[in-house]
Each structure stands twice: as structure tokens, then as C-alpha cells.
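Count along the sequence shown from 1, add 506, and you get the number used in the numbering used here.
In this text, a Cβ means the ideal position worked out from N, Cα and C, and glycines have one as well.
Beneath this line is the structure, given in C-alpha cells, with notes to follow.
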Amino acid sequence: MRKNIVAGNWKMNKNYAEAQELMAQLLEYKKNNTTNCEVFIAPPALYLASAKEVFKNGEVGVYAQDVSEYASGAYTGEISVDMLSSIDADGSLVSHSERRTFHGETDSHANRKVKALLDKGLTPIYCNGEKLEERKSGRHFEVVKNQTETALFTLSAEEIKKVVIAYEPVWAIGTGETATAEQAQEVHAYIRSLIADKYGKDVADEVSILYGGSVKPDNAKEIFSQPDVDGGLIGGAALKIEDFTKIIEGFNS
Ligand SMILES: O=C(CO)COP(=O)(O)O
507 MRKNIVAGNW
517 KMNKNYAEAQ
527 ELMAQLLEYK
537 KNNTTNCEVF
547 IAPPALYLAS
557 AKEVFKNGEV
567 GVYAQDVSEY
577 ASGAYTGEIS
587 VDMLSSIDAD
597 GSLVSHSERR
607 TFHGETDSHA
617 NRKVKALLDK
627 GLTPIYCNGE
637 KLEERKSGRH
647 FEVVKNQTET
657 ALFTLSAEEI
667 KKVVIAYEPV
677 WAIGTGETAT
687 AEQAQEVHAY
697 IRSLIADKYG
707 KDVADEVSIL
717 YGGSVKPDNA
727 KEIFSQPDVD
737 GGLIGGAALK
747 IEDFTKIIEG
757 FNS
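Rendered as C-alpha cells:
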């Protein structure tokens, strides 16, 4: 069965002390509350090792925001899968739209990163989604199809079951403009149908597909209630404990 997941992508926010404080608050929340979803965070790389210390019993999954496609060597600024593995990190986001926009990442990079993570037993959270012009011109299905096929369809059935997909329409990220629950459901169902066509329905039913883009406490529950939406990848609202925990509670009823 696929999992329900709420993941917080902290992006380039919080100094060390602030990051520790938010982790402590999240641990406290997890100790005192039962959640109907798994909770992950993707803090800046600098804080990953301390996050693993804080969540040493696996209360919260700890993910990098990016990982190198290369194994090791002269790649200044990069972090390898082995390094993540050596601190017991659970996985990494792959090809978030901000990596695509500001760092020229493509789905070919995504494909190699996803494979590198899976080869070492870590979980990729592969991000895709269309830009505003692509949505306006009605090309969002075609864009998402090309992205998904290029990034994921060289994987085996066993491998793709281990990938988490995050559909994040670029026009909804950090803009306050959320895809409606119906818009999210429509694309999620489409992504699942692509996986079903290639790998079979049983495999597609195992893949968790998260929605990302201006998820807030007041819209999380409706979005999460859609049949093909298995949770959310949360940006701004993951930075405040009150907001993030209310979003997690979107799965509680
Ligand atoms: O990019 C996102 C998560 O990865 C979404 O960000 P916001 O929730 O701030 O729109």
C-alpha cells in the first residue's frame, strides 16, 4: 500500500539555532500526537546530520534537498548519495523546480539522481510540474508526461515503487495560488495512469504522489482527500510549527 506523507521543504531558510528549534518543536509534536501520515523534512544540507540526531528513532524522515548524480570526486559544492547514506539520511528531493530554474537541472539529471539514490537504498522524492505558460496553453499533461517518462521510465517496476513523486505546478509555488483540489487530482490521476500503462496498475497503486504548491492549513484537508493525492510537499507553511502540524492534521479526519 502506498503511504500518506507530509514533507516540509525548508529550502534556504533558517539559521542553525532556528533550525534546531523547529526540529525540537516537531519532535515534541510527534511524541505527543498520533499522525495518520508519515512526516518528512528536507532541511538545508548543513543541518541534515543534526536532524538525524534529533529524530534518531525515525520519528520524522530526513531528506536532502538535492544530491549529486556523481559518486565522488572533484565536484565542488556537491553532496553524494554515499555521504547521505553515511549519516543515515532517508533520501533526497530530486529536481525541484527551483533546481530546474536556477541551476539548469533537466529530467536527464533527475533520472541519474533517482537511480543513484535507489542503487544505495535511499528514497528519491522526484519533483515535476508545469510552468504557468504551459498550463495556460493547455500543455500541462504533455509536459508532465515528458518529465515523468524521461526521469523515471528507465526504472524497473521494483524500483519505481520506491520513488515518491511530488507534482508541483510551478505557478502555484510560493505564489499563494493553489491548484484546486480537482486540478491536483486530475494531474495525479494522470501520472498514476502513465505508471499503470507502463508498469501495470498494481505497481502504480504503490507509488505515493504528493501535491506541492501553496499548501496551507486551510486547504490541506481538501487537497489530501482526493483519491490520487497521497500527501503534500510543503514550502513556506513548513517553516512554522503551528502551520505545519495543522497541515499534518489534514489527514486526521
Ligand atoms: O516548492 C514547494 C515545496 O517544495 C512549495 O512551496 P510553497 O508551499 O511555499 O508554495
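What residues come near ligand 1, if near means a beta carbon less than 6 Å from any of its heavy atoms?
-> Going along the chain, the residues that qualify are 515, 602, 674, 679, 680, 718, 719, 720, 721, 739, 740, 741, 742, 743.
Which first and last residues belong to the alpha helix (DSSP H) in which residue 761 is found?
-> Given a span of 507 to 759 for the chain in the structure shown, any question on residue 761 remains unanswerable.
To the nearest whole angstrom, what separates the beta carbons of residue 705 and residue 672, a pair I think is in contact under 8 Å?
-> Not confirmed; about 19 Å, so no contact.
Kindly give me the distance between the Cβ atoms of residue 570 and residue 529, rounded to whole angstroms, as I take these residues to be in contact under 8 Å.
-> That pair is no contact at about 15 Å.
Does DSSP put residue 635 in a helix, a strand or coil?
-> coil
Assuming residue 726 contacts residue 747 under a Cβ cut-off of 8 Å, what Cβ separation, rounded to an integer in Å, is found between them?
-> That pair is no contact at about 15 Å.
Would you give the residue range spanned by the beta strand (DSSP E) that residue 515 belongs to?
-> 511 to 515
For residue 670, name the three-state secondary structure that DSSP assigns.
-> Three-state result, residue 670: strand.
Apart from the five residues just before and just after residue 525, which ones in its own chain have a Cβ nearer than 7 Å to its Cβ?
-> If we look at residue 525 and ignore the five residues flanking it on each side, its Cβ neighbours are 549, 553.
Using the C-alpha atoms, what's the distance from residue 679 back to residue 750?
-> Residue 679 has its alpha-carbon roughly 16 Å from the corresponding atom of residue 750.
Going by other Cβ atoms of all chains shown within 10 Å of its Cβ, with 16 needed for buried, is residue 724 buried or exposed?
-> exposed
With DSSP collapsed to three states, give me the class of residue 585.
-> coil
Once you ignore the five residues that flank residue 565 on each side, which residues in its own chain have a CB closer than 7 Å to its CB?
-> 533, 536
Start and end residues, alpha helix (DSSP H) containing residue 753 | 747 to 754
Going by beta carbon distance, what residues of the same chain come within less than 8 Å of residue 691, once the five residues before and after it are set aside?
-> Cβ within range, chain order: 732, 733, 734, 735.
At what residues does the alpha helix (DSSP H) containing residue 709 begin and finish?
-> 707 to 710
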